[in-house]
Amino acid sequence: MNPVIRAIVIYLFLLIVFRFMGKRSLASTTTFDFVVLLIISEVIQNALVGEDYSLTNGLLLIATLMGMDVILSLVKSKFKKFDQVAEGVPLIIVEQGKPLYERMQKTGVEIDDIMQAARMLQGLERMDQIRYAVLEKDGSISIIPQNG
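Residue numbering for the sequence shown follows our numbering, beginning at 4 and increasing consecutively.
Right, dumping it as structure tokens:
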């Protein structure tokens, strides 16, 4: 298979896989996750390069992947619906001190994740001190305190 086609297919496949993994899985990388990512990167490298280890092929693959990234960024900026599907939207997971358990379960967020963000970002110690907790597009959690 042509290296450019391989690069495009792998790029799109990884976008889909990581999108389905959810926001929190990318934001909270454990040692196990890091090891898996290293192994995946090795497998992908082999799939991209195939039998051709030449400098030309390497540069072609880099240009293809960077081009795909630029093209998808342009498409996302032009078509907001595509951006929402590809990247997701911020999601309220705590409202007026009350966890929204259905949303938390759907996104893989635990109470401990919210409280850790509350302590680190706002110095809050209790759930009732949180007006809103928002799961951002990048998987981080923003905290808006009750008094703020």
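The beta carbon of each residue, even a glycine, is placed where N, CA and C say it ideally should be.
Notebook entry, point to check: Near GLY25, what residues of its chain come up, given a Cβ to Cβ distance below 7 Å and the 5 sequence neighbours on each side ignored?
Noted result: Translated into positions along the sequence shown, residue 25 becomes position 22. Closer than 7 Å at Cβ, skipping near neighbours: THR110, GLY111.
**Asked** For VAL97, which residues does DSSP report across the bridge?
**Response** As a working mapping, residue 97 is identified with position 94 in the sequence shown. Note: VAL97 sits in a beta bridge opposite PRO102, ALA136.
Buried or exposed for THR67, going by 16 or more other Cβ atoms inside 10 Å? As a first step, residue 67 must be located in the sequence shown, where it is residue number 64. It counts as buried.
My output table needs one value for SER57: the three-state DSSP class, helix, strand or coil. Stepping through the sequence shown from its first residue, residue 57 is reached at position 54. Three-state result, SER57: coil.
For ILE13, count the other beta carbons within 10 Å of its own beta carbon; 16 or more makes it buried, fewer makes it exposed. Which is it? For the purposes of this step, residue 13 is identified with residue 10 of the sequence shown, where counting begins at 1. So ILE13 counts as buried.
**Study point:** Cβ-based neighbour list, ASP131, same chain, cut-off 6 Å, excluding 5 preceding and 5 following
**Key:** As a first step, residue 131 must be located in the sequence shown, where it is residue number 128. Counting only Cβ-Cβ distances below 6 Å, and skipping sequence neighbours, we find GLY100.
Exercise for review: Within 10 angstroms of the Cβ of MET69, are there 16 or more other Cβ atoms? Answer buried if so, exposed if not.
Suggested key: Locating residue 69 in the sequence shown gives position 66, counting from the first residue. MET69 should be labelled exposed.
I'd like to check one pair, ARG9 with LEU41: are the Cβ atoms closer than 8 Å? Within the sequence shown, the letter at position 38 stands for residue 41. Within the sequence shown, the letter at position 6 stands for residue 9. It is not a contact, given that the beta carbons lie outside the stated cut-off.
Residue from MET118, ARG22, GLY61, PRO93 whose Cα sits closest to the Cα of GLU139 | The residue given as residue 139 occupies position 136 in the sequence shown. Of MET118, ARG22, GLY61, PRO93, the residue nearest in Cα terms is PRO93.
Worksheet item: From which residue to which residue does the alpha helix (DSSP H) around SER44 run?
Response: For this step, residue 44 is matched to residue 41 along the sequence shown. 34 to 52 is the span of the alpha helix (DSSP H), which, as asked, contains SER44.
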